[in-house]
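Novice:
Numbering (the numbering used here), first residue to last: 171 to 407.
#1: Going by the CB atoms, is the gap between residue 211 and residue 280 shorter than 8 Å?
#2: Mark residue 251 as exposed unless 16 or more other C-beta atoms lie within 10 angstroms of its C-beta, in which case mark it buried.
#3: Tell me which residue opens and which closes the beta strand (DSSP E) that residue 190 is part of.
#4: By how many angstroms is the C-alpha of residue 266 removed from the C-alpha of residue 259?
#5: Helix, strand or coil for residue 341? Go by DSSP, reduced to three states.
#6: Give me the DSSP bridge partner(s) of residue 290.
#7: Would a C-beta distance cut-off of 8 Å place residue 187 and residue 243 closer than the cut-off?
#8: Do three or more CB pairs link the segment 373 to 393 to the segment 187 to 203 at distances below 8 Å?
#9: Just to confirm, is the Cβ distance from residue 312 to residue 398 under 8 Å?
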């Protein structure tokens, strides 16, 4: 969640580390990270286990341990998003699953040894994981796998005091949203039918994340927390 989540975390006293995929995205990530006095800004292609391991090796070297990890990574080929779901390519399906869902598993595996005093892992999902949302297609299936992973990881890691949860945010204009066709219509639906008659803000999602990352949510794990102005429980006429 660009800006809001790390901003809210920093305001609550968190010391932060950021990762980025490549030089193009580093240009977006680095200014934000530096504005929040991040102690580490590291490259990480989440489809490469060695790069994930290198990130956590560096974290261990500099900090020794972690309090929380935020997984905010998703990707599907734009062409596969445009097609009817049945026309998704095998390669596109595997790519969306790898980056959007399996990366959560790989990151958790590397983070677990550093979450020595318990801790929290949070990921980002969307209503398209449980509803057939127009134009969301293969990404919805990947998000469903991500949400299932949250539950299995929470069940596995609970005895170590590690909590795993997901935040399902309403549609927000972000870089990721730009790849979804007719995204503006989703904003219009929120304005028309959500009980709050609007979509949510990045700031609101960021504040919910702080709850999950802190001990305020010490008794909560395996949950998908909806921050969507109530849209999920209404039916349009």
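Ideal placement from N, C-alpha and C gives every residue a C-beta, glycine not left out.
Specialist: Let me spell this out:
#1: no
#2: buried
#3: 187 to 190
#4: 11 Å
#5: coil
#6: 238, 333
#7: no
#8: no
#9: no
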